[in-house]
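Residue numbers (the working numbering): 169 to 405.
This is the structure in structure tokens:
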């Protein structure tokens with residue numbers, strides 16, 4: 169006689185960028201094993217395959233993960249991890265007042281949210297008539313940056329920026345990403361002045377992100393230290 173099927177609980181979350189509600193389940197032992205083995209190889213293709221498989225298996229609603237913004241993917245992955253392994257992550261932080269006393273902090277992953285800075289805009293004016301409409305980093309940067317922790321090279325930064333250009337407009341003329349090659353966008357970015365390039369960099373610096381603020385008290389001095397953690401990898405202790 170066949171063994172019974174394991175019934176997995178389902179949960180619901182709201183995608184930060186668009187407010188759409190999706191259902192998801194925990195990952196199971198065999199799925200976690202595939203992910204851990206892939207992470208051990210440090211091979212980008214294997215890691216991408218394992219992460220994509222977990223997300224597609226655990227998300228119970230219709231959603232194309234490749235089209236989600238990086239902060240959406242980080243938030244969804246964090247919530248799946250929380251219900252799979254546990255919501256509480258034990259951390260040790262060093263108090264800022266004496267820079268030596270270490271204090272334990274129990275981070276509840278369910279309390280981690282995506283923060284959206286005020287004044288953030290995807291429209292960047294390069295001159296009076298010319299500007300760029302940006303879109304958020306997505307799947308590829310989620311794998312290399314959020315999961316693998318790789319920092320981009322100088323050329324890589326330009327490549328990432330070019331891949332996030334949705335449109336360039338010049339007066340009435342519009343150059344859309346659907347009809348303009350990435351190579352052309354790279355050339356455009358490389359021909360910006362430093363001050364114009366910094367305007368685009370501010371888009372990335374102010375982009376919504378996983379963030380959690382907390383305070384700890386130094387048991388020796390009574391002083392309170394404030395901490396802000398962000399980025400997916402920093403929420404795992």
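Ideal Cβ placement from N, Cα and C applies to all residues, glycine included.
Values in this document were obtained by computation on a predicted structure and should not be read as measured data.
Residue i - DSSP class collapsed to helix/strand/coil
i	result
residue 287	coil
residue 252	helix
residue 187	coil
residue 344	strand
residue 229	coil
residue 192	strand
residue 292	strand
residue 308	helix
residue 326	helix
For residue i, the residue or residues it bridges with in DSSP
i	result
residue 262	270
residue 257	275
residue 338	298, 341
residue 282	378
Terminal residues of the beta strand (DSSP E) in which residue i lies
i	result
residue 208	Segment 197-209 is the alpha helix (DSSP H) holding residue 208; no beta strand (DSSP E) there.
residue 378	377-385
residue 181	179-182
residue 394	392-398
residue 298	298-302
Environment of residue i [buried if 16+ CB atoms lie within 10 Å]
i	result
residue 313	buried
residue 247	buried
residue 369	exposed
residue 173	exposed
residue 309	buried
residue 237	buried
Residue interval of the alpha helix (DSSP H) (run including residue i)
i	result
residue 352	350-358
residue 214	212-226
residue 367	362-373
Cβ distance (whole Å) where residue i is taken to contact residue j below 8 Å
i	j	result
residue 325	residue 353	So it is not a contact: roughly 13 Å between Cβ atoms.
residue 189	residue 393	Rounded, the Cβ-Cβ distance is 36 Å, inconsistent with contact.
residue 255	residue 277	5 Å
residue 222	residue 199	5 Å
residue 194	residue 252	4 Å
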